[in-house]
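This report refers to the structure that appears directly beneath it.
Protein chains in written order, with the numbering used here: chain A, 11 to 206; chain B, 11 to 206.
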């Protein structure tokens, strides 16, 4: 059976297809009649479930969605669910990253701890759902480095690494990333619920 | 004895002079040799103490400072200590306010709870210090109203009020404001420590 990935973000689609490679996955572009969901949730879980349920209902197929973001400790866990619209313009990666760096410009480097968080949700047309959270702890650097990934990847260095997540090859990033953890955690649940 | 108010913010100076009217208060402009303190703290208390200690040491007089900001619940308590530089440009009230409204534009109105918080600090040249915190709970509105106050006043409505803090006359605002609470709480401590 097909599973719909509830995102139009090209970067996320590429990542998720690698991670859920064993499944017959289709993108949201095959369902043009499903309107974009406004992310009114204030937690990753709320938004992931909003999107997964909307797509499962609209497509009649099991749907997988995620909500993820960068949580900076000195910013009280923000940008968090607002990561993709931090500068006020949805999806402007450069503006979002530059604003974040400007906001913390006076904060000492040793206080710039942060974590990438992802909540992956599976929703069935029946209304049943599951969520799994993945977290990648690390810290921010003030000078962007690397051209892989998207979003805040160029300024985030995972714990135990010297490279930013934008400097990691895709396979290395998947192995440790918040999204990799969440989706690998969800994979056995998808197998169980979708095939039963 | 004189007390130095450790701020160059005209709005704050006007408020604090009304609240601490019984004291012989001088502004930081009388001490041009004291450099501006970089607010490297990540809490209101840290920044208020940084500023009060720097001015007490630089002037040889008791110094009062505050750090204050708007804490929005869905933003994890931010802008918080970053309130005056939320847009990345220090002191640009309009840019800060517009960015905040853009960030929460998809958040339902009933989730836009917030509070103004102020920590007032007294530091003596001896190194002794005291802090008092004041909090004004309320919620955000999406359309700025009123021309009193500064910062985020035009979009903040205190609990039990219909007017924004920018629509309140100065005396009414002082009576309930976070800064009024903190500085009135500090006033007896100033009297005790400075006169003894």
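In this text, a Cβ means the ideal position worked out from N, Cα and C, and glycines have one as well.
Practice task
Note down, in chain order, every chain B residue with its Cβ under 8 Å from the Cβ of residue 49 of chain A.
Solution key: Counting from one through the first chain, the residue named residue 49 of chain A turns up at place 39. Result: 116.
Exercise for the section: Starting from the Cα of residue 61 of chain A, find the closest Cα among A:129, A:110, A:186 and give me that residue. Expected result: Numbered from its first residue, the first chain carries residue 61 of chain A at position 51. With distances taken between Cα atoms, residue 61 of chain A lies closest to A:129.
Practice task
Starting from residue 149 of chain A, follow the beta strand (DSSP E) in both directions and report where the run begins and ends.
Solution key: Residue 149 of chain A sits at position 139 when you count from the first residue of the first chain. Unbroken beta strand (DSSP E) run through residue 149 of chain A: 139–150.
Problem - residue 103 of chain A in three-state terms, based on DSSP - result: Here residue 103 of chain A refers to the residue found at position 93 of the first chain. Reduced to three states, the DSSP call for residue 103 of chain A is helix.
Exercise for the section: Mind listing, in chain order, the continuous beta strand (DSSP E) runs of no fewer than 3 residues lying wholly within the segment 148–172 of chain B? Expected result: 166–168
Practice task
Taking residue 62 of chain B as the query, report the chain A residues whose CB atoms sit under 8 Å from its CB, ordered along the chain.
Solution key: For the purposes of this step, residue 62 of chain B is taken as residue 52 along the second chain, with counting starting at 1. Simply none; closest approach about 18 Å.
Problem - Per-residue contacts from residue 95 of chain B into chain A (C-beta, under 7 Å) - result: Numbered from its first residue, the second chain carries residue 95 of chain B at position 85. Those are 113, listed as they occur along chain A.
Problem - Members of the segment 60–93 of chain B near chain A, C-beta cut-off 7 Å - result: 84, 85, 86, 87, 88, 90, 92
Problem - Per-residue contacts from residue 109 of chain B into chain A (C-beta, under 8 Å) - result: Counting from one through the second chain, the residue named residue 109 of chain B turns up at place 99. Here the neighbours are 97, 98, 109.
Handout entry: Nearest neighbour of residue 143 of chain A, chosen from A:137, A:150, A:132 [CA to CA]
Key = Taking the first chain and counting its residues from 1, one reaches residue 143 of chain A at position 133. It is A:132.
Problem - Length of the line joining the Cα atoms of residue 58 of chain B and residue 115 of chain B - result: Within the second chain, residue 58 of chain B is the residue found at index 48, counting from 1. Within the second chain, residue 115 of chain B is the residue found at index 105, counting from 1. Going from the Cα of residue 58 of chain B to the Cα of residue 115 of chain B covers about 31 Å.
Problem - Residue range of the unbroken alpha helix (DSSP H) whose run includes residue 189 of chain A - result: Here residue 189 of chain A refers to the residue found at position 179 when the first chain is read from its first residue. Residues 188–205.
Practice task
Closer than 6 Å by C-beta to residue 75 of chain A: which residues in its own chain qualify, once you throw out the five before and the five after it? Chain order, please.
Solution key: Sequence index remark: in the first chain, residue 75 of chain A carries index 65 (1-based). Once the five neighbours on either side are set aside, the close Cβ partners of residue 75 of chain A are 16, 58, 61, 62, 131.
Practice task
For residue 52 of chain B, go through chain A and note every residue whose CB falls closer than 7 Å to its CB, in chain order.
Solution key: Counting from 1 along the second chain, the entry for residue 52 of chain B is found at position 42. The answer, in chain order, is 84, 117, 121.
Handout entry: Status (buried if at least 16 other CB within 10 Å, exposed otherwise) for residue 124 of chain A
Key = Locating residue 124 of chain A in the first chain gives position 114, where the first residue counts as 1. Result: buried.
Practice task
Taking only the alpha-carbon atoms, compute the straight-line gap between residue 46 of chain A and residue 38 of chain A and give it to the nearest angstrom.
Solution key: Your numbering for residue 46 of chain A matches position 36 in the first chain. Your numbering for residue 38 of chain A matches position 28 in the first chain. Looking at the two C-alpha atoms, the distance is approximately 10 Å.
Handout entry: residue 140 of chain A versus residue 118 of chain A - alpha carbon distance
Key = As a first step, residue 140 of chain A is located in the first chain; it is residue number 130 there, counting from the start. As a first step, residue 118 of chain A is located in the first chain; it is residue number 108 there, counting from the start. Distance between the alpha carbons of residue 140 of chain A and residue 118 of chain A: 39 Å.
Exercise for the section: Could you work out which residue in A:23, A:14, A:93 is closest to residue 40 of chain A when comparing CA atoms only? Expected result: Your numbering for residue 40 of chain A matches position 30 in the first chain. Comparing Cα-Cα distances from residue 40 of chain A to each of A:23, A:14, A:93, the minimum goes to A:14.
Exercise for the section: Could you tell me whether the Cβ atoms of residue 6 of chain A and residue 161 of chain A are closer together than 9 Å? Expected result: Since the first residue shown for chain A is 11 and the last is 206, residue 6 of chain A is missing from the structure and cannot be characterised.
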